[in-house]
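Protein chains: 2
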Amino acid sequence: MMQFYKYFLMCTNDTGNFFYIWSMKIKESKAETLFDQDKLVPGQSIDCVIIGFENNELKVLIQKLMNLNKWVVPGGFIFKDEGMDHAAIRILKERTGIDLPFLEQFKTFGDTDRRKKAESMKVYKSFNISGPALDWLQQRFITTGYLSLVDINKCSIQSDSLSDESKWVSLDKIPQLLFDHNQIVDSAIDYLKNQLNYLPVGIEMLPKKFTIKELQNLYESILKKPLDRGNFQRKILKLDILVRHEKHLAGGAHKAPFLYSFDHEKYNKLLEQGFGFNS
Amino acid sequence: MMQFYKYFLMCTNDTGNFFYIWSMKIKESKAETLFDQDKLVPGQSIDCVIIGFENNELKVLIQKLMNLNKWVVPGGFIFKDEGMDHAAIRILKERTGIDLPFLEQFKTFGDTDRRKKAESMKVYKSFNISGPALDWLQQRFITTGYLSLVDINKCSIQSDSLSDESKWVSLDKIPQLLFDHNQIVDSAIDYLKNQLNYLPVGIEMLPKKFTIKELQNLYESILKKPLDRGNFQRKILKLDILVRHEKHLAGGAHKAPFLYSFDHEKYNKLLEQGFGFNS
DNA sequence: ACAAAAGTGTTTATAATACACCCATGA
DNA sequence: TCATGGGTGTATTATAAACACTTTTGT
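Order-wise, the sequence lines are chains A and B.
Just so we're aligned: the first sequence equals residues 1 to 279 in this note's numbering.
Just so we're aligned: the second sequence equals residues 280 to 558 in this note's numbering.
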């Protein structure tokens with residue numbers, strides 16, 4: 001589905017520090033930034049659960065670690081002079097190409113056994129990492145999970161130096177992930193469901209113009225239960241956050257639905273107080 | 280109001296590492312644990328916002344740093360072999376004496392400027408800390424905020440080696456706190472309000488037996504708005520989580536209210552789905 | 001013309017809201 | 001006995017839920 005150049009760079013400097021390329025535009029074939037562990041906050045990482053909506057299904061972006069059959073949620077480290085939220089935005093931009101993402105911290109994971117030593121050893125050995133770099137990577141890590149809601153069609157997924165494949169998988173087909181990443185994803189989904197009334201799911205995950213049926217499908221996917229068609233329509237229209245456009249005539253043998261877009265100003269104002277679809 | 284022995288121990292070992300006593304039972308006048316920075320997760324701390332309810336007011340526990348006129352929310356560090364939640368429970372126990380506290384992570388704070396260098400320098404200088412220990416404490420810190428709900432009357436507040444005064448202050452009289460601790464407290468209050476329907480506020484913050492009026496006052500304090508007396512009573516009774524006891528005859532010149540206690544089993548079952556007082 | 005899905009309408013049940021009434025208690 | 005706040009009742013309104021009817025489209 002996706003085409004990209006595999007590009008990989010890894011080296012160790014004379015002090016034994018671990019250097020690696022953390023971001024590169026594959027198409028331009030050049031590294032954007034090079035840094036070493038001295039510039040990173042130790043023991044602290046960020047993991048991004050990126051959720052999109054495609055073919056009436058919620059999907060999460062996962063990446064396969066290079067040379068290994070291990071899937072992970074995209075993550076990264078924090079620069080010592082960089083705020084945590086900023087780091088999350090940076091990491092996300094590298095993976096999706098999206099510039100102003102919706103991004104929200106949802107939980108911090110700090111169990112001692114969240115990264116099994118044996119498991120991480122296998123990973124880092126496969127990258128030929130050893131010495132101080134290995135020590136640094138093998139230290140106890142606490143990670144903060146960020147939830148991002150995106151429009152899959154706007155994402156040009158890029159791989160990076162550590163992974164050789166990226167894909168969107170529907171929530172009920174997530175394979176076993178590295179470390180505690182399954183738990184991190186589950187936690188993000190819970191957060192999405194619980195905070196639904198305060199999250200801009202429609203504006204972030206749907207294309208600019210959409211039908212009410214599509215919006216309903218999105219809500220149903222998140223809530224994991226069917227909603228009444230008529231009631232949904234009436235309720236969402238009553239909120240006065242949608243702008244009606246021309247009819248969408250592409251569909252099947254049935255009445256053509258209207259296309260709508262969000263009135264961003266009204267939508268955001270309403271989000272502050274929250275609005276609900278519990279039924 | 281509270282009586283305690285001031286007890287303070289601080290030293291530096293031959294490698295320049297910073298040793299300090301992080302916990303002691305003041306009454307028993309002995310240190311429970313001694314540790315140094317080599318055993319701590321670097322750059323990661325925990326801050327506890329402990330909320331109680333007294334005289335119809337929500338109150339938060341703050342402590343004054345020894346030798347300084349600086350107030351903070353009780354916090355601490357994490358052992359390298361200790362889970363983050365466990366660290367929070369440990370820290371909380373030292374400060375309140377409560378054994379099985381309600382404790383929940385609410386947010387992680389990772390801005391680069393959350394600890395002003397100048398401010399922290401003043402603090403650590405006042406403790407005569409220098410060398411590697413100072414470096415360790417001056418590093419970039421990311422902190423995870425934990426919310427704890429307690430019954431103030433069950434807390435025997437203990438001070439520790441770093442502070443010489445602890446007190447409960449009502450939420451609208453919080454003084455200026457060190458670093459970003461005001462922001463941390465505000466964030467905790469927001470969380471409490473938002474998650475109200477899923478938090479065991481009644482069970483944690485009220486005494487075993489209480490009147491419905493007291494419970495209503497608690498909810499009103501959190502929501503910051505008055506609730507209808509009759510409706511509140513009917514609604515809470517309909518939930519079938521209260522056990523009615525004898526009448527409370529201490530009050531004023533009026534009909535004596537019943538005392539109630541929670542049916543913990545039913546209460547906890549109901550909490551999972553959440554129950555609301557939005558009005 | 002017909003099936004399918006959109007758009008709209010209607011009825012019923014449930015919950016929120018406001019406020020009224022009577023009761024028990026201590027001063 | 002009277003002021004005070006507790007317990008309960010009721011009427012009104014708003015929202016949720018279920019489902020029926022009509023309209024528009026492609027085949």
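C-beta: ideal position from N, C-alpha, C; glycine also.
Since this is a predicted model, take the numbers as computed values, not measurements.
> Between B:VAL522, B:PHE358, B:LYS534, which lies nearest to ASP542 of chain B when the distance is taken from Cα to Cα?
Replying inline: Nearest C-alpha to ASP542 of chain B: B:VAL522.
> Would DSSP call GLY331 of chain B helix, strand or coil?
Replying inline: Correct three-state label for GLY331 of chain B: strand.
> Cα separation between ALA31 of chain A and ALA397 of chain B?
Replying inline: Unreliable positioning characterises ALA31 of chain A in this predicted model, as indicated by a pLDDT of 31, which lies under 50. The coordinate reading is nonetheless provided below. Each residue's alpha carbon lies about 37 Å from the other.
> Is the distance from the Cβ of ASP160 of chain A to the Cβ of GLU94 of chain A below 8 Å?
Replying inline: Cβ atoms of ASP160 of chain A and GLU94 of chain A: closer than 8 Å.
>> Quick check on the DSSP output: the alpha helix (DSSP H) that includes HIS543 of chain B runs from which residue to which?
In response: First-last of the alpha helix (DSSP H) with HIS543 of chain B: 543 to 552.
>> Distance cutoff 8 Å, beta carbons only. Does MET84 of chain A sit that close to anything in chain B?
In response: Between MET84 of chain A and chain B, the shortest Cβ-Cβ separation is below 8 Å.
> Thinking C-beta only, is PHE381 of chain B closer than 8 Å to TYR466 of chain B?
Replying inline: The question names Tyr, but residue 466 of chain B is Ser in the sequence shown. Against a cut-off of 8 Å, the Cβ pair of PHE381 of chain B and SER466 of chain B comes out as no contact.
>> Is it buried or exposed, GLN552 of chain B, if we count other Cβ atoms within 10 angstroms and call 16 or more buried?
In response: Exposed: under 16 other Cβ atoms inside 10 Å.
>> By alpha-carbon positions, which one of B:GLY410, B:LEU428, B:LEU494 ends up nearest to ASP378 of chain B?
In response: Ranking B:GLY410, B:LEU428, B:LEU494 by Cα distance to ASP378 of chain B puts B:LEU428 first.
> Since LYS492 of chain B is in the beta strand (DSSP E), which residue starts that stretch and which ends it?
Replying inline: Element bounds for LYS492 of chain B: not the beta strand (DSSP E) but the alpha helix (DSSP H), 491 to 502.
>> Please tell me whether PHE554 of chain B and LEU518 of chain B are closer than 8 Å, where the distance is taken between their beta carbons.
In response: Yes, the pair counts as a contact, with Cβ atoms nearer than the cut-off.
> Which residues in the same chain have their Cβ closer than 6 Å to the Cβ of LYS349 of chain B, if we skip the five residues on either side of it in sequence?
Replying inline: Around LYS349 of chain B: LEU457.
>> Along the chain, where does the beta strand (DSSP E) containing GLY355 of chain B start, and where does it finish?
In response: First-last of the beta strand (DSSP E) with GLY355 of chain B: 354 to 358.
>> Which residues in chain B have a C-beta closer than 7 Å to the C-beta of PRO42 of chain A? List them in chain order.
In response: Chain B residues near PRO42 of chain A: PRO321, GLY322.
>> For the alpha helix (DSSP H) containing SER130 of chain A, name the first residue and the last one.
In response: That residue, SER130 of chain A, is in no alpha helix (DSSP H); it is neither H nor E in DSSP.
>> For ASN296 of chain B, would you say it is in contact with chain A, using Cβ-to-Cβ distances shorter than 8 Å as the test?
In response: Residue placement at ASN296 of chain B cannot be trusted, given a pLDDT of 31 that sits under 50; what the coordinates show is reported in the next sentence. With its beta carbon at least 8 Å from every one in chain A, ASN296 of chain B lies outside the interface.
>> Here's the rule: buried if 16 or more other CB atoms are within 10 angstroms of the residue's CB, otherwise exposed. What is SER442 of chain B?
In response: With 16 or more other Cβ atoms from the protein chains shown falling within 10 Å of its own Cβ, SER442 of chain B counts as buried.
>> When you compare the CB of ARG419 of chain B with every CB in chain A, is at least one pair closer than 8 Å?
In response: Output row for ARG419 of chain B: interface = yes.
> Taking Cβ to Cβ, would you say VAL339 of chain B is nearer than 8 Å to ILE482 of chain B?
Replying inline: With a cutoff of 8 Å on beta-carbon distance, VAL339 of chain B and ILE482 of chain B are scored as not near each other.
> Which bits of chain B does THR224 of chain A rub up against, with CB to CB less than 9 Å?
Replying inline: First, the residue type needs correcting, since residue 224 of chain A is Lys and not Thr in the sequence shown. Under the 9 Å cutoff, chain B gives no residues; its nearest Cβ is about 15 Å from LYS224 of chain A.
> Taking one C-beta from the segment 109 to 116 of chain A and one from the segment 349 to 363 of chain B each time, how about it: are there three or more such pairs within less than 8 Å?
Replying inline: The answer is yes - the segment 349 to 363 of chain B touches the segment 109 to 116 of chain A, with three or more Cβ pairs under 8 Å.
> Can you list the residues of chain B that GLN105 of chain A reaches, using a CB-CB cut of under 8 Å?
Replying inline: Residues of chain B passing the Cβ test: LYS386, THR387.
> Do TYR546 of chain B and the ligand ATP come close, with the Cβ less than 7 Å from some heavy atom?
Replying inline: As presented, the structure is devoid of all ligands, the ligand ATP included, so that no description of it is given.
> How big is the Cα-Cα spacing for LEU426 of chain B and GLU383 of chain B?
Replying inline: GLU383 of chain B has its alpha-carbon roughly 5 Å from the corresponding atom of LEU426 of chain B.
> Along chain B, in chain order, which residues have C-beta atoms closer than 7 Å to that of LYS80 of chain A?
Replying inline: Close partners of LYS80 of chain A in chain B (Cβ separation under 7 Å): ARG419.
> Quick one: is PRO226 of chain A buried, meaning 16 or more other Cβ sit within 10 Å of its Cβ, or exposed?
Replying inline: With fewer than 16 Cβ atoms within 10 Å of its Cβ, PRO226 of chain A is classed as exposed.
> HIS181 of chain A: which of A:LYS269, A:LYS116, A:GLY43, A:ASN67 sits nearest, CA to CA?
Replying inline: Ranking the options by Cα distance to HIS181 of chain A, first place goes to A:LYS116.
> Can you find a CB in chain B that lies within less than 8 Å of the CB of ASP111 of chain A?
Replying inline: Cβ-Cβ to chain B under 8 Å: yes for ASP111 of chain A.
>> One question on the structure: do LEU206 of chain A and LEU218 of chain A come within less than 8 Å of each other, judged by their Cβ atoms?
In response: The Cβ-Cβ distance between LEU206 of chain A and LEU218 of chain A falls below 8 Å.
>> Since ARG140 of chain A and VAL464 of chain B should fall inside the 8 Å C-beta cutoff, what is the C-beta to C-beta distance between them, to a whole number of angstroms?
In response: At roughly 28 Å, the Cβ-Cβ gap does not stay under 8 Å, so ARG140 of chain A and VAL464 of chain B are not in contact.
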